[in-house]
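Student: Sharing a structure, written as structure tokens. Questions coming.
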Amino acid sequence: MPAQADRNEVTVPEDGPTAEPARARYARLVRDTLLASTTDRISLAAAGCAFYATLALFPAISMLISMMGLVLAPVTAEQHLAALAGLLPPQAFGLIANRVHQLVHKSGGELSAHLAISFLLTFWSSSTGSKSVLSAVNIAYDVTERRPLLRFQLIGLSMTLIAVLCAILAIAVLVLLPPAISFLGLTRHGGSLVHAAGMAMLIGFFFVAIALLYRFGPLRRVPRRPRIAPGAALATVLWLVASEALSFYVSRMSSFGATYGSLAAIIGVMLWFYVSAYAVLLGAELNARLEQADAARADNGADPAAA
């Protein structure tokens, strides 16, 4: 996208006696990031990501519960689902909790059948969603996807596998945490510790996953000092704030349920995925602008690390 890259190009003044003040530089960075996000229409890209994520959600839940049933008591997933309660809108959390409740009370044979079907559905919908995320991140970095189709498919599949493994690891840690707390004699604070650990894991996994996406997702020439952490930190903070704000709005505004009726839970899930995807893409825009500023400073003979 040459034209788009020109529109989003960052110009940095030369260093020297008249170097740009830090406050002005940060203000310009914010302005450039917001302008680029509008030019790249990341809101539209986030909407596409939210659709595919919603499509993949329930097959993924079925697959995870079915896999847990092969090695653990599936009911443990229901006990530790509360880690998501503070982030999701109430209707959305209720919808997911209800689906988990239905699954954990199925027999082992039914869970095995669910595993085979949900495995296929999950990997189809999740890999499609992963590819939509990769395409959206390419837009944020102003690059055009030119990787061979097979390689692009494999990257999307790898993202799906990593997401599934992270979810399994998170559930396993939450399952093992209560016995560990009891062994250490911290039973009195067990509930608070489990909730805090669940939130910390969610935040940690989100940050690491986004950092990996920024590093390996876009098809770009990786600079000597790639900007990864600033965008990942921004995306994580925005994700937490937006999730809390959305949850507060949906739970306090009775008009939301009245407007959408029986669809309120599905709409709540899609909105949560939308704000999550928007936060990720805005973080990518920030990293892209920082890398452009570094390149401009290097062209002017300045140290990019000083930016």
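Using our numbering, the first residue of the sequence shown is number 4, and each one after it goes up by one.
Every residue, glycine too, gets a C-beta built ideally from N, C-alpha and C.
Being a predicted model, the structure only gives us computed values, none of them experimental.
1. If we ignore side chains and look at the alpha-carbon of each, how far apart do Ala-301 and Val-211 end up?
2. Please report the residue range of the alpha helix (DSSP H) in which Pro-151 lies.
3. Does the Cβ-Cβ distance between Pro-62 and Leu-160 come in under 8 Å?
4. How long is the line joining the alpha carbons of Ala-199 and Ala-166, rounded to whole angstroms?
5. Is it buried or exposed for Ser-195, if we count other Cβ within 10 angstroms and need 16 for buried?
6. Determine the contact status of Pro-233 and Leu-285, defining contact as a CB-CB distance below 8 Å.
7. According to the neighbour-count rule (16 or more other Cβ atoms, all chains shown, within 10 Å of its Cβ), is Leu-47 buried or exposed?
8. By the 10 Å Cβ neighbour count, where 16 or more other Cβ atoms means buried, how is Ile-120 classified, buried or exposed?
9. Roughly how many angstroms separate the alpha carbons of Pro-20 and Val-272, rounded to a whole number?
10. Apart from the five residues just before and just after Met-4, which ones in its own chain have a Cβ nearer than 7 Å to its Cβ?
11. So, does the segment 130 to 138 touch the segment 48 to 62, judging by three or more C-beta pairs under 8 Å?
12. Quick check: what's the CA-CA separation for Arg-224 versus Ala-291?
13. At which residues does the alpha helix (DSSP H) containing Pro-233 begin and terminate?
Tutor: According to the structure shown:
1. For the purposes of this step, residue 301 is taken as the residue at position 298 of the sequence shown. For the purposes of this step, residue 211 is taken as the residue at position 208 of the sequence shown. The straight-line gap from Cα to Cα measures roughly 28 Å.
2. Indexing the sequence shown from 1 puts residue 151 at position 148. Unbroken run through Pro-151: none, as it is neither H nor E.
3. Position 59 of the sequence shown, counted from the first residue, corresponds to residue 62. Position 157 of the sequence shown, counted from the first residue, corresponds to residue 160. Cβ distance not < 8 Å, so Pro-62 and Leu-160 don't count as in contact.
4. The residue given as residue 199 occupies position 196 in the sequence shown. The residue given as residue 166 occupies position 163 in the sequence shown. The alpha-carbon atoms of Ala-199 and Ala-166 are separated by roughly 21 Å.
5. On the sequence shown, position 192 is the one that residue 195 refers to. Exposed, by the Cβ-count rule.
6. Stepping through the sequence shown from its first residue, residue 233 is reached at position 230. Stepping through the sequence shown from its first residue, residue 285 is reached at position 282. Not a contact, by the Cβ cut-off of 8 Å.
7. The residue you call residue 47 lines up with position 44 of the sequence shown. The residue is exposed, with fewer than 16 neighbouring Cβ atoms inside 10 Å.
8. Position 117 of the sequence shown, counted from the start, is the residue given in the question as residue 120. Label assigned to Ile-120: exposed.
9. Locating residue 20 in the sequence shown gives position 17, counting from the first residue. Locating residue 272 in the sequence shown gives position 269, counting from the first residue. With a pLDDT of 45 at Pro-20, under the threshold of 50, the modelled position of that residue is not reliable, and no figure is offered here.
10. Taking the sequence shown and counting its residues from 1, the one referred to as residue 4 is at position 1. Low per-residue confidence applies at Met-4: pLDDT is 45, beneath 50, and the placement is therefore not dependable, though the value from the model is reported in the following sentence. Hits under 7 Å: Asp-145, Thr-147.
11. yes
12. Counting from 1 along the sequence shown, the entry for residue 224 is found at position 221. Counting from 1 along the sequence shown, the entry for residue 291 is found at position 288. Cα to Cα, the separation comes out at about 12 Å.
13. Taking the first residue of the sequence shown as 1, we reach residue 233 at position 230. Here the alpha helix (DSSP H) through Pro-233 covers 232 to 255.
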